[in-house]
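To get the numbering used here, take the position in the sequence shown, counting from 1, and add 59. Even glycine gets a Cβ: it sits at the ideal position worked out from N, Cα and C. Since we're looking at a predicted model, the values are computed, not measured.
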Amino acid sequence: MELRFYFRILQRSWWIIAISALLALNLSLINSYYFVTPMYEAVARFIVSPNVQSTESRDLINSLEALDKRSIISTYAEILNSRDVINGTIQLLAADPKKFSAYDTSVTVLPDANIIRFSVKGPDPEVAAMLANGIGQYAIDFVRKLYVIYDIDFLDKAVVPEEPYQPQPLQNAGLALIVGLGLGVGIAIFRDQLSSSLGSLGQRKMIDSESLAYTKTYFERLVRQEIANQPNDVRTIGIIYLNGIQEFYDSLPQAYKNMIMQKVTSTLKYQLRGNDIVGRWSQLKFSVLLPTTDGHSAMQRMSRIQEILAQRFSLDTDGEFDIELDPRIGFADHQGGESFQVLVNQAEQALEISMQSDVKINLYKVRPFG
Numbered sequence: 060m061e062l063r064f065y066f067r068i069l070q071r072s073w074w075i076i077a078i079s080a081l082l083a084l085n086l087s088l089i090n091s092y093y094f095v096t097p098m099y100e101a102v103a104r105f106i107v108s109p110n111v112q113s114t115e116s117r118d119l120i121n122s123l124e125a126l127d128k129r130s131i132i133s134t135y136a137e138i139l140n141s142r143d144v145i146n147g148t149i150q151l152l153a154a155d156p157k158k159f160s161a162y163d164t165s166v167t168v169l170p171d172a173n174i175i176r177f178s179v180k181g182p183d184p185e186v187a188a189m190l191a192n193g194i195g196q197y198a199i200d201f202v203r204k205l206y207v208i209y210d211i212d213f214l215d216k217a218v219v220p221e222e223p224y225q226p227q228p229l230q231n232a233g234l235a236l237i238v239g240l241g242l243g244v245g246i247a248i249f250r251d252q253l254s255s256s257l258g259s260l261g262q263r264k265m266i267d268s269e270s271l272a273y274t275k276t277y278f279e280r281l282v283r284q285e286i287a288n289q290p291n292d293v294r295t296i297g298i299i300y301l302n303g304i305q306e307f308y309d310s311l312p313q314a315y316k317n318m319i320m321q322k323v324t325s326t327l328k329y330q331l332r333g334n335d336i337v338g339r340w341s342q343l344k345f346s347v348l349l350p351t352t353d354g355h356s357a358m359q360r361m362s363r364i365q366e367i368l369a370q371r372f373s374l375d376t377d378g379e380f381d382i383e384l385d386p387r388i389g390f391a392d393h394q395g396g397e398s399f400q401v402l403v404n405q406a407e408q409a410l411e412i413s414m415q416s417d418v419k420i421n422l423y424k425v426r427p428f429g
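Written out as structure tokens, the structure is:
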């Protein structure tokens, strides 16, 4: 199920993934062909062996045994890559040392062989090959002055490399494409999660979590828009107070609070018309807007709702916790261009009269209707 969920996200945001992949691919190719300096590697290989001409037969055997300990080969490798040997070679070339500052050298002793691999990397293939061979020859001459028993010589001289080892446009483009696809998938999922979070945030601002009715702020916005769009239309605002639970509501478990409030919301929405608006006005108050409905018509419709909400009901399956909401309702209708706040104040006054008397429903400035 979770994989299917993510697959739908990728289907909806395929264009983000495509753009991300193409962008990464193009940036990689542009970088490889226009901004990265091609680098070449020239490799020379050397062999270390006993000097047969200056070694007797017994010494030759001892020399071969010494070669097995690898210390001689490692020593020659260090000499080959030493700074003095490299600088000495550059001086012999009678060149400016700064010219070779972009070139790097490295040496590797091949395992299980008396072979040394020496490489020079740099931007000019001919210079790299020249340095590899020049440093190698300088090291050979240097070693021959110090050691007589062991000899070092070229196995393979460096040749001018034809292809750079970097950049590798196709390889880099493939990696960039994979990275771009991964980044696009990440952006698509993040975008969907962000959209869901923003939607949930907007939902929380619109919908009261306990009752699932509109919040007071959103209810006010809808009513003000209704008045602004149709200032001369007839409409009625009502406020419903749940008088029967005010003494113990705060001590109820949250699950019971949700059950009570959602029952009120569902009853109001079911009994009212589709264009009527239901909101949570305060902790124990609900608000309703009945467009194109005058006060007398609203009284008749809300009488039925008051009867339903006044019926006793149980909060548990055992029927041990029954409550009565005892709803009281105050109404005010729009007659002479009243503003939203005026209508609210009138509805509150009508509700106050209902609370102070036995009248369950009261319309502002109209004889009480019980």
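In DSSP terms, what residue i is bridged to
i	result
N421	G389
D155	Per DSSP, none; premise fails for D155.
S346	I298, G338
S108	D210
F372	I382
A103	F177
M98	Q225
Residue closest to residue i, alpha-carbon to alpha-carbon, out of the options
i	options	result
D200	Q330, A191, I211	I211
Y135	L84, A83, V202	V202
K322	N192, I174, S373	S373
K158	R71, R176, I149	I149
G396	V219, S87, F249, D292	D292
T167	G389, I145, I132	I132
P156	S165, L139, I174, V186	V186
N421	D309, Q394, T295, V179	T295
V347	Y65, F105, L281, N140	L281
E407	Q305, L311, G297	G297
P170	E306, I336, S130	S130
P386	A103, I237, K344, L205	K344
L229	L84, I367, R283, A409	L84
D309	T324, Y277, Q342	Q342
K316	N140, L301, I246, Q394	L301
E222	L253, L236, A247, A188	A188
L384	S416, E306, M358	E306
R363	Q313, P109, L327	L327
V337	T276, A287, Q313	T276
N404	T164, Y423, S413	Y423
Q370	S72, A272, I319	I319
F278	A314, I208, L349	L349
I304	M358, F380, Y329, I89	F380
I299	T352, A357, V401, P184	A357
Y92	D183, Y209, T352, N231	N231
I175	S165, L410, S270	S165
I286	T351, A80, Q252	T351
R104	I382, S416, Q415, V179	V179
R67	Q252, R142, D417	Q252
T274	Q289, S108, L311, T324	T324
H393	P290, S416, Q359, Q284	P290
A172	Y329, S108, F94	S108
Span of the beta strand (DSSP E) around residue i
i	result
G396	Neither: G396 is in no beta strand (DSSP E) and is coded neither H nor E.
K180	174-181
S72	No beta strand (DSSP E) contains S72, which DSSP labels as neither H nor E.
V168	163-168
Start and end residues, alpha helix (DSSP H) containing residue i
i	result
I132	130-139
T324	313-330
Whole-Å CB distance - residue i paired with residue j, under 8 Å assumed
i	j	result
L69	G239	Not really, about 14 Å apart at Cβ, beyond 8 Å.
F177	G195	6 Å
F390	G354	6 Å
I106	L214	4 Å
A161	G181	5 Å
D267	R339	4 Å
I76	A247	6 Å
P220	P97	That belief does not hold up - the Cβ atoms of P220 and P97 are roughly 10 Å apart, past 8 Å.
R250	S87	So it is not a contact: roughly 24 Å between Cβ atoms.
A191	A217	4 Å
K419	I388	7 Å
A409	G243	Not quite, the Cβ-Cβ distance comes to about 59 Å (not below 8 Å), so this is no contact.
N110	Y209	6 Å
task: Tell me the start and end of each unbroken alpha helix (DSSP H) in the region 249-309 that is at least 4 residues and wholly inside, in chain order.
output: 275-288
task: Mind listing, in chain order, the continuous alpha helix (DSSP H) runs of no fewer than 4 residues lying wholly within the region 200-244?
output: none
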